[in-house]
Amino acid sequence: MAFPERRTVDILLTTALLTTVGVAVYCARRVILMFVFAILFTYLIHPVVKFLQHHSLFFRDLRGPAVVEVYLTFVLLIALAGYTFAPSLARSTTRVLDEAPTFLNSLSTGDIAKDLRGKYGWSEAQELRFRAFLSRHKQDIQSLVPTVDRYLSSAAQIFGYLLLIPILAIFFLRDGPRIVDVLIRLLFPADRHPKIHALVTELHLMLTQYIRVQLLLCLLSFVFYSAAMLVLRFPHAIVFGILGGLLEFIPVVGWTSTFAAVVSVGILSHSHWVWMAALLCIWRVIQDYFAAPRIMGSHLKIHPLAAIFAVLVEAEIGGIVGICLAVPMMALFCIVWRSIAEERQKRGCVSDREAAASGASNFVETAIS
2 MAFPERRTVD
12 ILLTTALLTT
22 VGVAVYCARR
32 VILMFVFAIL
42 FTYLIHPVVK
52 FLQHHSLFFR
62 DLRGPAVVEV
72 YLTFVLLIAL
82 AGYTFAPSLA
92 RSTTRVLDEA
102 PTFLNSLSTG
112 DIAKDLRGKY
122 GWSEAQELRF
132 RAFLSRHKQD
142 IQSLVPTVDR
152 YLSSAAQIFG
162 YLLLIPILAI
172 FFLRDGPRIV
182 DVLIRLLFPA
192 DRHPKIHALV
202 TELHLMLTQY
212 IRVQLLLCLL
222 SFVFYSAAML
232 VLRFPHAIVF
242 GILGGLLEFI
252 PVVGWTSTFA
262 AVVSVGILSH
272 SHWVWMAALL
282 CIWRVIQDYF
292 AAPRIMGSHL
302 KIHPLAAIFA
312 VLVEAEIGGI
322 VGICLAVPMM
332 ALFCIVWRSI
342 AEERQKRGCV
352 SDREAAASGA
362 SNFVETAIS
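Each residue of the sequence shown is one higher than the one before, starting from 2 at the first, in the working numbering.
Listed below in structure tokens is the structure:
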């Protein structure tokens with residue numbers, strides 16, 4: 002008997018290959034995630050491209066010009082929004098940066114409790130309890146500035162990745178079906194092509210529904226932020242409502258950034274920021290544990306509890322990126338699982354029919370003999 006055995010060599014080579022692929026995927030995880038987000042961005046603007054492709058005045062039924070028109074429209078809208086809101090936002094940002102050190106100092110020393118007592122009519126006991134709370138968390142408050150500095154230092158790299166996402170999406174918008182067809186031909190045998198195409202079609206419908214649900218959740222957040230800030234007489238309510246709705250696409254970082262921006266504006270403009278902070282916390286609980294799981298569950302055909310479970314597990318595994326991809330990954334798992342179960346069921350039915358036919362044939366032969 003030869004040593005080592007062929008079976009052992011095959012196992013070792015397969016293990017080495019899988020390990021190499023795993024290490025390569027881990028090293029290229031940022032690039033892979035960037036392509037994944039580019040695909041999601043493609044699904045976000047695909048309905049607009051499809052509409053222009055069929056209703057364009059000059060380039061009807063042409064895919065490339067429709068993509069160019071969509072991107073030019075987005076650039077013009079961004080430029081118009083910047084021209085309209087940039088001056089007021091720049092003044093507000095300058096004011097925030099100027100008054101932020103004073104506000105953080107009042108938090109660390111507890112002097113803000115006196116200001117809140119005078120503004121909201123707190124009792125002396127309430128002021129003392131709030132001072133004690135700030136005193137217990139003094140180190141956490143003082144560490145806010147270094148934490149913000151660390152986030153700002155990595156903002157340039159994140160911004161670079163964000164710029165690449167719409168650029169990559171151009172290729173998916175133009176040649177998406179062709180890319181999918183080539184990958185299927187390369188990775189799967191010819192007899193599996195119809196089954197894989199059907200699975201890809203189901204995944205396509207799932208991602209389309211997911212983006213629609215995300216847009217609905219963003220719209221709900223926009224309505225809530227705008228209405229709450231208008232009722233509490235916050236400045237730039239509609240602008241911050243639009244910002245909060247757009248940032249709803251980014252899990253955790255999106256709503257925390259909206260929370261920080263809205264509360265900071267409320268503090269600097271002497272609005273009812275305490276009530277606003279409470280409303281934002283209540284809305285976050287409603288959005289994360291009631292609205293999002295139920296809406297996504299009904300559209301993606303997964304149970305709301307499964308959606309919550311997926312988000313919590315992916316948060317532990319992948320952090321913010323895991324939260325963002327949790328629900329699509331759960332829906333993908335359910336689709337693949339159903340496909341495998343259906344295929345096994347079909348094989349079982351075929352085996353049962355063959356066994357029944359074989360039994361009947363044996364019975365006939367026995368009866369004749």
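Beta carbons are placed, not taken as given, at the ideal position from N, Cα and C, and that holds for glycine.
### Query
Could you give the uninterrupted runs of the beta strand (DSSP E) lying entirely in the stretch 194-256, keeping only those of 3 residues or more?
none
### Query
Just reading off the alpha helix (DSSP H) that A39 is part of, what are its end residues?
R30 to H56
### Query
Three-state secondary structure (DSSP) at A25?
helix
### Query
Is the shortest distance between the beta-carbon of I46 and the beta-carbons of chain B less than 8 Å?
No chain B is part of this structure, which consists of one protein chain only.
### Message
Assuming the contact rule is C-beta atoms closer than 8 Å, S227 and G242 should be a hit. Round their C-beta distance to whole Å, please.
### Response
3 Å
### Query
Helix, strand or coil: how does DSSP classify K302 here?
coil
### Query
So what does DSSP say about E125, is it helix, strand or coil?
helix
### Query
To the nearest angstrom, how far is it from the Cα of F75 to the Cα of F52?
15 Å
### Task
Keeping to the same chain, check which residues put their C-beta closer than 7 Å to that of F225; ignore five residues upstream and five downstream.
W284
### Task
Taking E125 and A114 to be in contact with their CB atoms under 8 Å, please state how far apart those CB atoms are, rounded to whole angstroms.
Wrong, their Cβ atoms sit about 10 Å apart, outside the cutoff.
### Query
Candidates A191, V328 and V322: which alpha carbon is nearest F310's?
V328
### Query
Assuming A308 and M331 make a contact with CB atoms under 8 Å, what is their CB distance in whole Å?
7 Å
### When A279, L247 and W274 are compared against F42, the one with the closest alpha-carbon
L247
#### Entry: Residue span of the alpha helix (DSSP H) that contains R285, given as start and end
W274 to I287
### Query
Can at least three beta-carbon pairs, one atom from the stretch 188-207 and one from the stretch 231-238, be found at a separation below 8 Å?
no
### Task
Within the same chain, show all residues whose beta-carbon is closer than 7 Å to that of D11, passing over the 5 residues directly before and after it, in chain order.
none
### Message
Please report the distance separating the alpha-carbon of I212 from that of Y44.
### Response
7 Å
### Task
Output yes or no for whether 8 Å exceeds the beta carbon distance between L200 and S57.
no
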